[in-house]
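As C-alpha cells, the structure follows; a few thoughts come after it.
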Amino acid sequence: MQITRFGGPEVMDVVDLPDPVPTEGQTLFDISSAGVNFADTHQTEDSYLAKQELPLIPGAEFVGTPAGGGQRVVGLLPGGGYAEKVAAHSRLTWPVPDGVTDEQALAVVLQGATAWHLLRTSAHLAEGESVVVIAGAGGVGTLAIQLAKRWGAGRVIATASSPEKRALAEELGADATVDPALADDDPKAFAAALREANGGKRVDIVLEMTGGNVFDGSLSALAPFGRLVAYGMAGREAPATVAVPALMGTSRAVIGFWLAHCMTRPEMMDAAMTDLLSMVADGTLTPVAGGRYPLTAVREAHQDLLARRTTGKLVLDPTR
1 MQITRFGGPE VMDVVDLPDP VPTEGQTLFD ISSAGVNFAD THQTEDSYLA
51 KQELPLIPGA EFVGTPAGGG QRVVGLLPGG GYAEKVAAHS RLTWPVPDGV
101 TDEQALAVVL QGATAWHLLR TSAHLAEGES VVVIAGAGGV GTLAIQLAKR
151 WGAGRVIATA SSPEKRALAE ELGADATVDP ALADDDPKAF AAALREANGG
201 KRVDIVLEMT GGNVFDGSLS ALAPFGRLVA YGMAGREAPA TVAVPALMGT
251 SRAVIGFWLA HCMTRPEMMD AAMTDLLSMV ADGTLTPVAG GRYPLTAVRE
301 AHQDLLARRT TGKLVLDPTR
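In UniProt numbering, the protein residues as written are 1 to 320.
In C-alpha cells, the structure reads:
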C-alpha cells in the first residue's frame, strides 16, 4: 500500500513494486501479518512528529519469516510494513515464542512496548499509586491497564467512549471507568470525574494520548508529585501549553514519550520485548484482538480507527 499524496485513508493505493533490497545488517522477510497503529493515520496526513517524504509505504511493525524460511519474528520498522515483503534490521526483530499468535506479537511490539515504557521508564510507577489510562480500550490502553495492575498500582482508572469499551476496560482490571466525553465542553468536569473515580483523591499518574481538554483536565487532576505522560495527539487539537510556574506551584510533571527514541537504543526495546513476550506466552498478559483486515482493505481499517469503532490491536493480512 503506497502513498503518493497526503490526506485521509483514501490516499493509500495498491501498487506492485520490486522486492526491497536489504542493506548491511538487514534481512528480507516474508510478512505474514502487519500491524496497524493510530500513528499510521497521522502518517498518511503528514501530521505526526516525524515529517514524511513521498512516495512512502506506511507500517511500523510486522510478523514474518526470513525469505527462504527460518524463525518467525516480530519486528519494528521506520516504514514499509503494509506490504508482502520487507527488509528489517536484525536488532529490531525478536523471535516469536511458540503458542504466541501473530496478532499477539504485533500487539506487544509497538503498543505493548509503549505501555511498558510509559509505566516503567517515564512514569516510574510505584506500588500503590493510582494510574489513569486514557483510551483504555485501545491497543496501548488495554495492555497498560493489565501492566499497571500487575506492577502494583493501587487503583487503575480507564477512560473509554462507550459502555462496551468501558466494560472491556473493567474486565481487563480497571477499578473504575470514566467517559472522556465529559471533557468535550469542560476540562474541569473531566478532572472532577477522575478524582471521583479515585475516591475523591487526586491521581498520581495519567497516560495521555488525546490532547485538548482531555490533557488539560488530566493535568488538573494530578496530585502533588503526579506525572502526566503524553504519548499521542489523537484529538488532533492545538498543542497544549504548560506554564512552568503552575508545575512548580503544584509539584507536578509533564513528560513526553515517543517509542522511536527507544528504537535508537535497542537494549531498551530488548528489555520490554523479553518481558512482554514472556508474559503473553505464559498467559499473564492478554492482548486484545481488534480485527484482521485484508491488506487491500487497509482504508477500512483506518476509517474504523478514526471513527473509534475499534478495540485492541488491528492487523493486516498481506495474503488477502
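Glycine included, C-beta positions come from ideal geometry on N, C-alpha and C. Given the structure is predicted, the values throughout are model-derived calculations rather than measurements.
Please determine, among Arg265, Leu77, Gly138 and Asp282, the residue with the shortest C-alpha to C-alpha distance to Thr27.
In the sequence shown, residue 27 corresponds to position 27, counting from 1. Checked all of Arg265, Leu77, Gly138 and Asp282; the closest Cα to Thr27 is Leu77.
Using C-beta distances below 7 Å, list every residue in its chain close to Met263, excluding the 5 sequence neighbours before and after it, in chain order.
If you number the sequence shown from 1, residue 263 lands on position 263. The answer, listed in chain order, is Leu76, Leu92 and Met269.
Can you give me the Cβ contacts of Gly141 inside the same chain, cut-off strictly under 6 Å, excluding the 5 residues immediately before and after it?
For the purposes of this step, residue 141 is identified with residue 141 of the sequence shown, where counting begins at 1. Excluding residues within five positions, the ones whose Cβ falls inside 6 Å are Val133 and Ala135.
Spatially closest choice to Leu119 from Gly200, Val14, Ala272 and Glu164, by CA coordinates
Counting from 1 along the sequence shown, the entry for residue 119 is found at position 119. Checking every option, the nearest Cα to that of Leu119 belongs to Ala272.
Lys292 - containing beta strand (DSSP E), residue span:
For the purposes of this step, residue 292 is taken as the residue at position 292 of the sequence shown. Residue identity differs from the one stated: residue 292 is Arg in this sequence, not Lys. From DSSP, the beta strand (DSSP E) with Arg292 extends over Ala289 to Pro294.
Cβ distance (whole Å) where Gln146 is taken to contact Thr286 below 8 Å:
Residue numbering aside, residue 146 sits at position 146 when the sequence shown is read from its first letter. Residue numbering aside, residue 286 sits at position 286 when the sequence shown is read from its first letter. The pair is a contact, with the Cβ atoms about 7 Å apart (cut-off 8 Å).
DSSP state of Phe215 mapped onto helix, strand, coil
Here the question's residue 215 lines up with position 215 in the sequence shown. It is helical.
Assess, as a yes-or-no matter, whether the stretch 168 to 178 is touched by the stretch 290 to 304 under the definition of 3 or more beta carbon pairs within less than 8 Å.
no
I need the straight-line Cα distance from Glu61 to Arg5, nearest angstrom please.
Along the sequence shown, read from residue 1 onward, the residue named residue 61 stands at position 61. Along the sequence shown, read from residue 1 onward, the residue named residue 5 stands at position 5. The alpha-carbon atoms of Glu61 and Arg5 are separated by roughly 22 Å.
Using the rule of at least 16 other Cβ atoms within 10 Å of the residue's Cβ for burial, across every protein chain shown, is Phe225 buried or exposed?
For the purposes of this step, residue 225 is identified with residue 225 of the sequence shown, where counting begins at 1. The residue in question, Phe225, is exposed, as its Cβ has fewer than 16 Cβ neighbours within 10 Å.
Run through DSSP, which three-state label would Glu237 get?
Taking the sequence shown and counting its residues from 1, the one referred to as residue 237 is at position 237. Correct three-state label for Glu237: coil.
Out of Met248, Ser130, Gly211 and Ala113, state which residue places its alpha-carbon closest to the alpha-carbon of Trp258.
Here residue 258 is taken as the residue at index 258 of the sequence shown, counted from 1. Considering only alpha carbons, the answer is Ala113.
Buried or exposed for Val14, going by 16 or more other Cβ atoms inside 10 Å?
Taking the first residue of the sequence shown as position 1, residue 14 is located at position 14. Val14 is exposed by the Cβ-count criterion.
Which same chain residues, not among the five before or five after Met12, have their C-beta less than 8 Å away from its C-beta?
Looking up residue 12 in the sequence shown gives position 12. Here the set comprises Met1, Gln2, Ile3, Thr44, Pro58, Tyr82, Val298, Arg299 and His302.
Looking only at its own chain, which residues have a Cβ that is under 6 Å from the Cβ of Phe215, when we skip the five neighbours before and after it?
Translated into positions along the sequence shown, residue 215 becomes position 215. Around Phe215: Glu208 and Ala240.
What do you reckon, are the CB atoms on Ala153 and Val131 nearer than 8 Å?
Reading the sequence shown from its first residue, position 153 is the one you call residue 153. Reading the sequence shown from its first residue, position 131 is the one you call residue 131. Taking 8 Å as the Cβ cut-off, Ala153 and Val131 qualify as a contacting pair.
Three-state secondary structure (DSSP) of His124:
The sequence position of residue 124 within the sequence shown is 124, counting from 1. It is coil, neither helix nor strand.
Extent of the continuous beta strand (DSSP E) run through Trp258:
As a first step, residue 258 is located in the sequence shown; it is residue number 258 there, counting from the start. Looking at the DSSP string, Trp258 is not in any beta strand (DSSP E), and its letter there is neither H nor E.
Could you please give me the residues that DSSP links to Ile31 through a beta bridge?
As a working mapping, residue 31 is identified with position 31 in the sequence shown. Ile31 pairs with Gly64.
Tell me the residue span of the alpha helix (DSSP H) that contains Gly99.
Within the sequence shown, residue 99 is the residue found at index 99, counting from 1. Gly99 -> no alpha helix (DSSP H), and no H or E assigned at all.
Considering only residues of the same chain and omitting the five flanking positions on each side of Val74, which have a CB-CB separation below 6 Å?
Within the sequence shown, the letter at position 74 stands for residue 74. Closer than 6 Å at Cβ, skipping near neighbours: Val63, Trp94, Val96, Ala105 and Val109.
I'd like to check one pair, Ser161 with Ala181: are the Cβ atoms closer than 8 Å?
Position 181 of the sequence shown holds residue 181. Position 161 of the sequence shown holds residue 161. Closer than 8 Å, so yes.
Between which two residues does the alpha helix (DSSP H) harbouring Arg299 extend?
Here the question's residue 299 lines up with position 299 in the sequence shown. From DSSP, the alpha helix (DSSP H) with Arg299 extends over Val298 to Leu306.
Just how far apart, CA to CA, sit residue 325 and Leu172?
Coverage of the chain is limited to positions 1 through 320, which leaves residue 325 absent and any answer about it impossible.
Could you round the C-beta distance between Lys313 and Gly99 to whole angstroms and report it? I think they count as a contact, below 8 Å.
Residue mapping note: residue 313 aligns to position 313 of the sequence shown, counting from 1. Residue mapping note: residue 99 aligns to position 99 of the sequence shown, counting from 1. With a Cβ gap of about 17 Å, Lys313 and Gly99 do not count as contacting.
Measure the alpha-carbon distance for Arg252 versus Pro18 and round it to whole angstroms.
Translated into the one-based positions of the sequence shown, residue 252 becomes position 252. Translated into the one-based positions of the sequence shown, residue 18 becomes position 18. Approximately 51 Å between the Cα atoms of the pair.
Identify whether Ala88 lies in helix, strand or coil by the three-state DSSP scheme.
The residue labelled residue 88 in the question sits at position 88 within the sequence shown. Strand, per DSSP.
Sort Gly7, Glu84, Val21 and Gly232 by Cα distance to Thr296 and report the nearest one.
The residue labelled residue 296 in the question sits at position 296 within the sequence shown. Closest by alpha carbon: Glu84.
Continuous beta strand (DSSP E) stretch holding Gly75: start and end:
Here residue 75 is taken as the residue at index 75 of the sequence shown, counted from 1. Run containing Gly75: Val73 to Leu76, per the beta strand (DSSP E) assignment.
Could you work out which residue in Ala115, Ala123, Ala39 and Ser33 is closest to Val229 when comparing CA atoms only?
Working through the sequence shown from its first residue, we reach residue 229 at position 229. Measuring from the Cα of Val229, the nearest candidate turns out to be Ala123.
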